[in-house]
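If you use the numbering used here, the sequence shown corresponds to residues 5 to 444, in order. Beta carbons: idealized from backbone N, C-alpha and C, even for Gly. These numbers were taken from a predicted model, which means no experiment stands behind them.
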Amino acid sequence: MIQSAILLIILIFLNAVFASAEIAVISMNNSKLKKMAEDGDKRAVKLCRLTDQPSRFLATIQVAITLSGFLNSAFAADNFSGPLANLLMKTGIPVSESILRSVSMILITIILSYFNIVFGELVPKRIAMKKTESLSLALSGLLYGVSKFFFPLVALLTVSTNGLLRLLGINPNDNEDTLTEEEIRMMLMEGNQQGILESYENEMIQNVFEFDDISAQQICTHRLEVDALDVDDSLETWDKIIQSTRHTYYPIFKENKDQIVGILDTRDYFRMEVRTKDSLRKQAIHPVYFIPEDMKADILFQNMKSKRTYFAVLLDEHGGMSGIITVQDLIEELVGDMYDANETTPKEKIQPVSENCWNISGDAELDDVQESVQVELPTDMYDTFNGFICSIIEMIPRDGEQFQCAYKNLDIHVHKVENHIIRDTTVTKNPIIHQEEEDS
């Protein structure tokens, strides 16, 4: 009886080994496995040979598990049901021997199934999920040997499986392990939640994925905020503008901002000991790189990199200047805002005052405003909070004007208008009163 119990334990152990191997190998990262194989890990090479043919691998595992389970059941029925039936008959139970033997068989099967499920399936599979890599590599030799030993049977099962898959319209050789962008993003968010990735690392990688969805118009400096130099102005006027605004590059226009004729690089400008318009044209003023305002950020970045230019002028569909953009603007879209040593950190465009009150700048993105106030806004129609408010009042406000307007359950107080652009506002969110409450 002891020898029979030991043999039964061995068979359950074999079932556990192959059950854990199945989960471990399936859960193994294919990219990492191939890298290890390329680095010369013989265990990884053997695993790659199996996983490159999923049907063959699954057939190998299934043959091993089925064989160990079959031997397990047959051995237990043959060695334990008889003694159990004899024991029940000795107790004097008034039931025929054939029934007792059937009952014994059922009891042995139930008991064996319990131990087989717990110790031969659940526990080893949970271990395999925790120790995927180490178990996969440790069992690679055994799995490879079993696949060779049972090759004829494995080959038959593989051919049968692939044939049925083709009948169902499925190509068994298709590689379905290709990661989508959405799956990678979900992995990044999960890594951030688990503490594997820092928040700023996750944000930077997410920005890379969004880079090809952003147009130059979305991140440019709008023409109303562009400091430019008139080609007909004196150098003294240029000096005053440059000293007061302190930018690296300045577009130079003739007559108006829609006629940009060059770009002044102030680094070259200040290196010159003697400055004249002619010498500036040769040494400090560079040709203009014009781009359409709907050009995607990733394409623009590649173009500016290849052209070795750091400044571009956006043109709208009518050929007028709609804004300017620099390489730094593009980089900041990836890594976040960067400030020079002499540059003051700008205030936040949306500043919470209380739970339902915010100070919001007119140039705040309407998407960001919607996210902050948790009220649906027409983000598909307007880009900025200023444009949205102008649509509510159906007019362009006068400089210095202060007024109040409302949208849904939002009260909007405008405090400052400059150059016909709304600069500062306070937004208050009122509780929604449902019809039932009004009726009561």
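- prompt: Sorted by chain position, which residues of the same chain lie with C-beta nearer than 8 Å to Q57's C-beta, five sequence neighbours on each side aside?
  reply: T162
task: Sort L268, M399 and Y411 by Cα distance to I436 and report the nearest one.
output: Y411
task: Put P291 into one of helix, strand or coil per three-state DSSP.
output: The answer is coil: DSSP assigns P291 none of H, G, I, E or B.
field: Residue nearest to T241 in terms of C-alpha spacing, selected from K281, I264 and S117
entry: K281
task: To the nearest angstrom, report how far apart L172 and S24 are at their CA atoms.
output: 30 Å
query: Could you give the C-beta distance for V292 and V317, rounded to a whole number, given that I count them as a contact under 8 Å?
result: About 5 Å separates the Cβ atoms of V292 and V317, confirming a contact at the 8 Å cut-off.
task: Return helix, strand or coil for K412, following the three-state DSSP convention.
output: coil
message: Would L157 and V67 qualify as a contact pair, given that the criterion is a beta-carbon distance under 7 Å?
response: yes
query: Short check: CB of T165 to CB of S59, under 7 Å?
result: yes
field: Spatially closest choice to V265 from Q374, V278 and F294, by CA coordinates
entry: Per the Cα distances, F294.
field: Exposed unless 16 or more other CB atoms sit within 10 angstroms - verdict on D237
entry: Classification of D237: exposed, given that the 10 Å Cβ count is below 16.
field: Any 3 or more C-beta pairs closer than 8 Å across the stretch 189 to 198 and the stretch 270 to 286
entry: no
task: Whole angstroms is fine: what's the gap from D333's alpha carbon to F315's?
output: 10 Å
field: Nearest candidate by alpha-carbon position, reference R279, set W362, S248 and D243
entry: D243
- prompt: With distances taken between CB atoms, is the gap from D367 to T383 smaller than 7 Å?
  reply: no
task: Please state if the CB of I256 and the CB of V230 are separated by a distance shorter than 7 Å.
output: Not a contact, by the Cβ cut-off of 7 Å.
query: Got a sec? Which residues, its chain only, sit under 7 Å from V49 by beta carbon, not counting five neighbours each side?
result: A41
query: Applying the criterion that 16 or more other CB atoms from any shown protein chain within 10 Å of the CB defines a buried residue, is C409 buried or exposed?
result: exposed
query: When we look at the beta-carbon of S283 and count the other beta-carbons within 10 Å, is it buried (16 or more) or exposed?
result: Around the Cβ of S283, a 10 Å sphere holds fewer than 16 other Cβ atoms; the residue is exposed.
message: I'd like to confirm the pairing. Which residues does DSSP put opposite E369 in its beta bridges?
response: T388
- prompt: If you draw a straight line from the C-alpha of K309 to the C-alpha of N211, how long is it?
  reply: 19 Å
Beta carbon of E297 nearer than 7 Å to that of Q221: yes
message: Suppose you measure from the CA of N307 to the CA of A288; what does that come to, to the nearest Å?
response: Approximately 22 Å, taken between the alpha carbons.
- request: Spatial neighbours of Q7 within its chain, please: CB distance less than 8 Å, with the 5 preceding and 5 following residues excluded, ordered by chain position.
  value: none
query: Taking just the CA atoms, how far does I364 sit from C394?
result: In this structure, the alpha-carbon of C394 lies about 15 Å from that of I364.
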